[in-house]
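Participant: Provided herewith is a single structure, encoded as structure tokens, for subsequent inquiry.
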Amino acid sequence: MTKFFMQLCRLFLGIIFLVAGINGYFVIFELEPFIATSPEAMALFEFDYLLVAEKSLEIICGVLLLSNQFTPLAITILSPIVANIFLLHLFVDHSLLLLAVLLVLAHGYLLFYYRKSFISLIERKPNRGQVPAAVTR
């Protein structure tokens, strides 16, 4: 059941971020987006390069999650993006708050599932010669 839920969260996040990233490129190229964009969210991207950077990361991480490659790296990169999406919908634009909560829950579950991949980052005095358990899987 745990692995099934992990796969479900991984695919959910992968699809959401891949579609949102592609939709963002429609906005960048001044085409009509196929999913409505929040005017409040677009106001945060005063400069186009920020939108390009974020949407590129969303597409890359969406593909990585869907292909089950470098999943811990993808969820690490998506952490600040998920936090910003959640805070935007919590405080500014409540229209997609439910989706933002689902993103936070799925992302949080993946962080918990892959916690052994991150544990060496918070060790006070790591052993320099020891290979982390996540690498030896």
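Using the numbering used here, you'd call the opening residue of the sequence shown number -5 and step up by one each time.
Even glycine gets a Cβ: it sits at the ideal position worked out from N, Cα and C.
Around the Cβ of residue 111, are there at least 16 other Cβ atoms within 10 angstroms (buried) or fewer (exposed)?
Facilitator: For the purposes of this step, residue 111 is identified with residue 117 of the sequence shown, where counting begins at 1. Looking at its Cβ environment, which holds 16 or more other Cβ atoms inside 10 Å, residue 111 is buried.
Participant: For residue 78 and residue 88, what's the separation of their Cα atoms in angstroms?
Facilitator: Within the sequence shown, residue 78 is the residue found at index 84, counting from 1. Within the sequence shown, residue 88 is the residue found at index 94, counting from 1. Straight-line Cα distance between these residues: approximately 13 Å.
Participant: For residue 113, count the other beta carbons within 10 Å of its own beta carbon; 16 or more makes it buried, fewer makes it exposed. Which is it?
Facilitator: By 1-based counting over the sequence shown, the position of residue 113 is 119. Exposed: under 16 other Cβ atoms inside 10 Å.
Participant: Below 8 Å on the Cβ atoms is my guess for residue 6 versus residue 52; work out the distance and round it to an integer in Å.
Facilitator: Sequence index remark: in the sequence shown, residue 6 carries index 12 (1-based). Sequence index remark: in the sequence shown, residue 52 carries index 58 (1-based). Contact doesn't hold; Cβ gap of about 14 Å is too wide.
Participant: Do residue 104 and residue 69 have their C-beta atoms closer together than 7 Å?
Facilitator: Taking the sequence shown and counting its residues from 1, the one referred to as residue 104 is at position 110. Taking the sequence shown and counting its residues from 1, the one referred to as residue 69 is at position 75. Yes. Within cutoff.
Participant: Check each candidate in -1, 117, 9, -5 and name the one with the smallest Cα separation from residue 60.
Facilitator: Within the sequence shown, the letter at position 66 stands for residue 60. Ranking -1, 117, 9, -5 by Cα distance to residue 60 puts 9 first.
Participant: With respect to the alpha helix (DSSP H) encompassing residue 17, which residues constitute its N-terminal and C-terminal limits?
Facilitator: In the sequence shown, counting from the first residue as 1, residue 17 sits at position 23. From DSSP, the alpha helix (DSSP H) with residue 17 extends over -4 to 22.
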